[in-house]
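*Asks:*
Protein chains in written order, with this note's numbering: chain L, 1 to 130; chain Z, 1 to 112.
1. Is it a yes or a no for the stretch 46-55 of chain Z touching the stretch 80-91 of chain L, going by three-plus beta-carbon pairs under 8 Å?
2. Which residues of the stretch 34-64 of chain Z have a Cβ closer than 8 Å to any Cβ of chain L? Give them in chain order.
3. So which of Z:53, Z:37 and Z:70 has the shortest CA-CA distance to residue 13 (chain Z)?
4. Return no unless some Cβ of chain Z is closer than 7 Å to the Cβ of residue 51 (chain L).
5. Measuring CB to CB, does residue 127 (chain L) end up less than 7 Å from residue 86 (chain L)?
6. Return the chain-ordered list of same chain residues with a C-beta closer than 7 Å to the C-beta of residue 34 (chain Z), the five sequence neighbours on each side being excluded.
7. For a test of the three-state rule: what should DSSP assign to residue 60 (chain Z), helix, strand or coil?
8. Compare the C-alpha of residue 2 (chain L) against each of L:53, L:60 and L:77 and name the closest.
9. Contact between the stretch 79-98 of chain Z and the stretch 24-39 of chain Z: three or more CB pairs below 8 Å?
10. Return no unless some Cβ of chain Z is closer than 7 Å to the Cβ of residue 111 (chain L).
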């Protein structure tokens, strides 16, 4: 078994696609209408087109808002993305206006930071020891 | 001068302060907030587990923060959807007002 796809709930799929591709740098993989205004919308890492997909899932279910509000209030991210250099990404993304709820923090061999994806979620970026 | 602190601080305030300071985990939380004020619960938990290797649940950290807030040493601040915790060392003044430090910087002027 392997992790093939995981999802984050997003307030607005068009806005999410912009943020996850133009700002974070992922690449769109599938964009299929699935009824109403909803789309089956996934992105992948630019250097791993066959890798794990991230589904940008509509946040319409009534359970989503209280769940996410509680997580965001406590600063808890819903996903972690690997980057080569957390500090460099922090500088780059801050320059693009991205809001961080946790600045880069070195904890032993791991460095992390937490950002707001503007679609209702906090995302952790991390540099793991090689 | 004797008893001045009693006027400034009700007895309960002192009890809350000393109770808050009595716990090593809560002192570590204060240490981390000295390093950087304005942390989310998640960041405080990360620092305690990753930096200090404290096996402590998020609920327990929340309870420690509530004790620190009751003592006025930590103030939580809502900013949009986020909640940050700031350090306030103001209440520590109670200690040196009650038990003054020896004045080492400048000898007291003797005004005849």
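Even glycine gets a Cβ: it sits at the ideal position worked out from N, Cα and C.
*Replies:* Based on what the coordinates show:
1. no
2. 36, 39, 40, 41, 42, 43, 46, 47, 50, 51 and 58
3. Z:70
4. no
5. yes
6. 87
7. helix
8. L:53
9. yes
10. no
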